[in-house]
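Notes to accompany the following structure.
Dropping the structure here:
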């Protein structure tokens, strides 16, 4: 049997790849401010194609919220948990949720 279908028989095919888009919130504790952590996180997000933001919080932690495909977010989470060379990551709190689609890029936020 031939796999070709005539014009009238062409089935509707969704060509989009279901990438399981999710939202990830990470709070990193330790020596994470004053060590270029936000810009390290920005570069990781840009490299992996995720959107969202990162900020230094007043309590000395770094918080990031990112959205993208689950596989990219897993790599992003691992990168953030490692941190830049001068950082010391003592604790990583992670929350997963559904994506909201509110971000068009990834940015460093400031208080």
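Residue numbers (this note's numbering): 37 to 147. Heads up, the beta-carbon is just placed ideally off N, CA and C, and yes, glycines get one too.
In its own chain, which residues sit with a C-beta less than 6 Å from the C-beta of residue 84, not counting the 5 before and 5 after it?
-> Numbered from its first residue, the chain shown carries residue 84 at position 48. Counting only Cβ-Cβ distances below 6 Å, and skipping sequence neighbours, we find 108, 111, 112.
When the Cα atoms are used, what is the spatial distance from residue 77 to residue 90?
-> Sequence index remark: in the chain shown, residue 77 carries index 41 (1-based). Sequence index remark: in the chain shown, residue 90 carries index 54 (1-based). Distance between the alpha carbons of residue 77 and residue 90 is about 7 Å.
Would you identify the three-state DSSP class for residue 109, choosing helix, strand or coil?
-> Your numbering for residue 109 matches position 73 in the chain shown. Helix.
Enclosing beta strand (DSSP E) for residue 87 [first to last residue] | Position 51 of the chain shown, counted from the first residue, corresponds to residue 87. 87 to 92 is the span of the beta strand (DSSP E), which, as asked, contains residue 87.
Compare the Cα-Cα distances from residue 87 to each of 67, 58, 120 and report the closest residue.
-> Looking up residue 87 in the chain shown gives position 51. Ranking 67, 58, 120 by CA distance to the CA of residue 87 puts 58 first.
Tell me residue 134's beta-bridge partners as DSSP assigns them.
-> Walking along the chain shown from the start, residue 134 turns up at place 98. DSSP output for residue 134 lists 58 as bridge partner(s).
Residues that DSSP places opposite residue 102 in a beta bridge | Sequence index remark: in the chain shown, residue 102 carries index 66 (1-based). DSSP output for residue 102 lists 60, 88 as bridge partner(s).
Apart from the five residues just before and just after residue 122, which ones in its own chain have a Cβ nearer than 6 Å to its Cβ?
-> To locate residue 122, count along the chain shown from 1; it is residue 86. Excluding positions up to five away in sequence, the list reads 71.
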